[in-house]
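Chemist:
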Amino acid sequence: MNIQILPTSITVLYLLLCIGIGIYAKRLEKSGTSHEYLTGGGGVGFWVNGFAIFAAFATGGTMMGNMGVSYAGGWGYIMAYNGGVAVGYVITVFYLAKIFRNMSVSTVPEFIKVRFNSKLLNIVIPIVLILTLGAYVVAQMKIGDLIGERLLGIPYTWSVVIIGIVYIFYTAYGGMKAVTLTDFFQGLLMIGVVIVTGIIALMYGSGPIDLYSAAQAIKPSWTTSETYPYIAYLGAFIVWATAVTVLPHTVMRIFAAKDEKTGRASLTLGLGLYIVTCVVTLILVVGSTMVVTGGIALPDADTAFLVFLEELTPSWIEGIAFAAIFAAVMSSVSAMLLALGAAFAYDLIGTVKPDYPEEKKRKLVPISIVVFGIITMLFAFNPPALLSLLYSAAMGLLASTLFFPLLLGVWWKRMNKEGALAAALSGAISYLILFFAFDLPALSEIVYALPISLVFAVGVTLLTPEPTEKELRRMTIAHQREFLPEDIEPVEPI
Amino acid sequence: MKTKKATGFYPLARHRLVWSIVIIVAILVTMNPYSYQLEFKGTALINWMLLGIMALSFVIILYDLLKVEVKDPAAVNETSKTKEFKREVPFTQIEKEGEMK
Numbered sequence: 004m005n006i007q008i009l010p011t012s013i014t015v016l017y018l019l020l021c022i023g024i025g026i027y028a029k030r031l032e033k034s035g036t037s038h039e040y041l042t043g044g045g046g047v048g049f050w051v052n053g054f055a056i057f058a059a060f061a062t063g064g065t066m067m068g069n070m071g072v073s074y075a076g077g078w079g080y081i082m083a084y085n086g087g088v089a090v091g092y093v094i095t096v097f098y099l100a101k102i103f104r105n106m107s108v109s110t111v112p113e114f115i116k117v118r119f120n121s122k123l124l125n126i127v128i129p130i131v132l133i134l135t136l137g138a139y140v141v142a143q144m145k146i147g148d149l150i151g152e153r154l155l156g157i158p159y160t161w162s163v164v165i166i167g168i169v170y171i172f173y174t175a176y177g178g179m180k181a182v183t184l185t186d187f188f189q190g191l192l193m194i195g196v197v198i199v200t201g202i203i204a205l206m207y208g209s210g211p212i213d214l215y216s217a218a219q220a221i222k223p224s225w226t227t228s229e230t231y232p233y234i235a236y237l238g239a240f241i242v243w244a245t246a247v248t249v250l251p252h253t254v255m256r257i258f259a260a261k262d263e264k265t266g267r268a269s270l271t272l273g274l275g276l277y278i279v280t281c282v283v284t285l286i287l288v289v290g291s292t293m294v295v296t297g298g299i300a301l302p303d304a305d306t307a308f309l310v311f312l313e314e315l316t317p318s319w320i321e322g323i324a325f326a327a328i329f330a331a332v333m334s335s336v337s338a339m340l341l342a343l344g345a346a347f348a349y350d351l352i353g354t355v356k357p358d359y360p361e362e363k364k365r366k367l368v369p370i371s372i373v374v375f376g377i378i379t380m381l382f383a384f385n386p387p388a389l390l391s392l393l394y395s396a397a398m399g400l401l402a403s404t405l406f407f408p409l410l411l412g413v414w415w416k417r418m419n420k421e422g423a424l425a426a427a428l429s430g431a432i433s434y435l436i437l438f439f440a441f442d443l444p445a446l447s448e449i450v451y452a453l454p455i456s457l458v459f460a461v462g463v464t465l466l467t468p469e470p471t472e473k474e475l476r477r478m479t480i481a482h483q484r485e486f487l488p489e490d491i492e493p494v495e496p497i
Numbered sequence: 002m003k004t005k006k007a008t009g010f011y012p013l014a015r016h017r018l019v020w021s022i023v024i025i026v027a028i029l030v031t032m033n034p035y036s037y038q039l040e041f042k043g044t045a046l047i048n049w050m051l052l053g054i055m056a057l058s059f060v061i062i063l064y065d066l067l068k069v070e071v072k073d074p075a076a077v078n079e080t081s082k083t084k085e086f087k088r089e090v091p092f093t094q095i096e097k098e099g100e101m102k
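Here the protein sequences come in this chain order: A and C. Going by the numbering used here, the first residue of the first sequence is number 4, and it counts up by one from there. Going by the numbering used here, the first residue of the second sequence is number 2, and it counts up by one from there.
#1: Taking only beta-carbon atoms, is A27(C) less than 7 Å away from chain A?
#2: For K420(A) and A58(A), what's the separation of their Cα atoms in angstroms?
#3: How about V288(A) and A217(A): are their beta carbons less than 7 Å apart?
#4: For the alpha helix (DSSP H) containing I212(A), list its first residue and its last residue.
#5: May I ask you to list, following chain order, the residues of the segment 75 to 98 of chain A that have a beta carbon less than 7 Å from some beta carbon of chain C?
#6: Contact between the segment 270 to 282 of chain A and the segment 45 to 61 of chain C is defined here as three or more beta-carbon pairs at a separation below 8 Å; is this criterion met?
#7: What number of angstroms, rounded off, separates the C-alpha of A220(A) from the C-alpha of N48(C)?
#8: Label M206(A) either buried or exposed according to how many other C-beta atoms from any shown protein chain fall within 10 Å of its C-beta, with 16 as the threshold for buried.
#9: Could you check whether the Cβ of L51(C) sits closer than 7 Å to any Cβ belonging to chain A?
#10: If we call anything under 7 Å between Cβ atoms a contact, is L274(A) one with Y92(A)?
#11: Identify the residues that DSSP records as bridge partners of F1(C): which are they?
#12: Measuring CB atoms only, is the segment 166 to 180 of chain A touching the segment 18 to 28 of chain A, in the sense that at least three cross pairs come out at less than 8 Å?
#13: Should L276(A) be flagged as near chain C, meaning a C-beta pair shorter than 7 Å?
#14: Go to W319(A), then tell me how far its alpha helix (DSSP H) extends in each direction, as first and last residue.
#15: Is the beta carbon of A259(A) sitting closer than 7 Å to the one on V47(A)?
#16: Quick check on DSSP: helix, strand or coil for A58(A)?
#17: Less than 7 Å between CB atoms is the rule here; does Y35(C) satisfy it with respect to chain A?
#18: When Cβ atoms are compared, which residues of the segment 190 to 224 of chain A fall closer than 7 Å to chain C?
#19: Let me know if T135(A) comes out buried or exposed under the rule of 16 or more other beta-carbons within 10 Å of its beta-carbon.
#20: With contact counted as at least three CB pairs below 8 Å, one residue from each stretch, are the segment 461 to 470 of chain A and the segment 93 to 103 of chain A in contact?
#21: In chain A, what lies closer than 7 Å to I47(C) by C-beta?
#22: Taking its Cβ as the centre, do 16 or more other Cβ atoms sit within 10 Å of P488(A), making it buried, or is it exposed?
#23: Please determine if the segment 183 to 201 of chain A and the segment 48 to 68 of chain A are in contact, where contact requires at least 3 C-beta pairs separated by less than 8 Å.
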């Protein structure tokens, strides 16, 4: 009973704090425009944005699923995921952050719209984002709601409703500012738990080397690469190296930062915290869990972290750790819900109805966040059986569709809308065909889909007319400095 | 009036190009079948090298962050921002000159 009271109190306080932050963020709103709502007004500082980036990217999967994969299949394979994540951050910082920021856009599809001005592309990209992020959100909600059920001791369905109402409220009401502030607190909680559990793991062994050797002796396959084929390592690495660069809930943080350099600094802090989390949880915590359990196969490998908490930590730490997992889920889900709402109301409607007034669009974004929140909650009541598979595939699909249109769109002047559309469609279609029609190792589809997308991007671009300098004007300015309202060219009278 | 056509790539800072090559080489060395098969004291070499990739990535973006950027003074001047585009010298050349300094 002791474990229920403290964690429940912490959780209730935490949920109230999230609601309070949503209301506070709404009061901070100045212009009330869509841009301010989706970017937080662009005034977020280094520490808040850095922890928020970490919290939004480190999901419930990072806190539980990754440790489950490390326990069951060895830490190398999951490190391929995370090595890819780290490289993805380098690509984002070196090749995308500054330009995205300088383009003065609010979302990834808006960048595509400004750069290529293709109606079909502006419809395809938001739809792909809505489908892939939808799968991502449902997967995260399921993890969070399972923890909520365990933590609060209430039925799963009620856990879905209570938690769902809180994050839908603060996301829809406070926008990016609320999401960023809650993510900051959630990030602090998460890294605190990671450090404390890391120290406990080290104290359990006689130092990191002895702990590692003991776990290795118990289960040699934990440290070798025999469980997964080479192509699965390569696929996992490439999926995350490319997905990080196009994931809207990470990229939108660059728009939220005070300035371009703060955006890059925040990404650096976010990556640093993420690396610490990976090393501590995947090697130290899982290693000590291995020693505790004797390396036996767990009925559900995803519970490896829970086994560690139950066996090696005092009940109050266990409770706070539950809350941290909970925070990991909420931070990611709220950020993704915001991206989902933006993709629908701001990007898709903005394309289908170009004359749709800005004021109405601004009102439609929170409404669509609520609608998507409810839809994903309904899916979370009865999540699909192949959810984890679909979620991983969703990230591969997103990267196969968006990576080359974005990267080449930023750097290659010759890249045109026909090439971008061909790259997006060929990447998406080839990925889906490989996923559904072939029995390939997990995540390896992208090893083939991405080069296909590149070939189509280059081939179709070279076969079609090049863009004019006038069409590239905004991009050219963005490579120099921030695009300003006075840079918009007046429309010539007919 | 003849419309100018766009060709080539936008210029990239030299240190970013160098670091990009370094990390590509590191990825090729890490993510190959030999690293996957070889073991060092019972641990697959690829595992340690992936840790190295993560550390290298962090060091690279930290270096990039701390590196002092050379800015084009005209771009800093608020009043010159719109006039900037009437220059005879293309932006790409201005940025290249900035990088060289």
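Glycine residues also receive a C-beta, built at the ideal position from the N, C-alpha and C atoms.
Modeler: So, from the listed chains and residues:
#1: No, A27(C) does not count as interfacial toward chain A.
#2: So the two alpha carbons sit approximately 35 Å from each other.
#3: Against a cut-off of 7 Å, the Cβ pair of A217(A) and V288(A) comes out as no contact.
#4: It spans 211 to 221 - the alpha helix (DSSP H) in which I212(A) sits, taken as one unbroken run.
#5: Taking a C-beta cut-off of 7 Å against chain C, the contacting residues of the segment 75 to 98 of chain A are W78, G79, M82, A83, N85, G86, A89, V90, Y92, V93, V96, F97, listed in chain order.
#6: Yes: at least three Cβ pairs fall under 8 Å.
#7: CA-to-CA, the gap between A220(A) and N48(C) works out to about 17 Å.
#8: In the assembly as shown, M206(A) is an exposed residue. Its beta-carbon has fewer than 16 other beta-carbons within 10 Å.
#9: Interface residue, yes.
#10: Taking 7 Å as the Cβ cut-off, L274(A) and Y92(A) qualify as a contacting pair.
#11: The structure shown has nothing for residue 1(C), since chain C only spans 2 to 102.
#12: A contact is defined here as three or more CB-CB pairs under 8 Å, and the segment 166 to 180 of chain A meets this definition with respect to the segment 18 to 28 of chain A.
#13: No Cβ of chain C is located within less than 7 Å of the beta carbon of L276(A).
#14: First-last of the alpha helix (DSSP H) with W319(A): 318 to 344.
#15: Yes, these two residues count as a Cβ contact at 7 Å.
#16: Helix.
#17: So no, Y35(C) is outside the interface.
#18: Listed in sequence order: Q219, P223.
#19: With 16 or more Cβ atoms within 10 Å of its Cβ, T135(A) is classed as buried.
#20: Per the Cβ contact rule, the segment 461 to 470 of chain A is not in contact with the segment 93 to 103 of chain A (fewer than 3 Cβ pairs under 8 Å).
#21: G79, S228, Y236, listed in chain order.
#22: P488(A) comes out exposed.
#23: Taking 8 Å as the limit for Cβ pairs, the verdict is that the segment 48 to 68 of chain A does touch the segment 183 to 201 of chain A.
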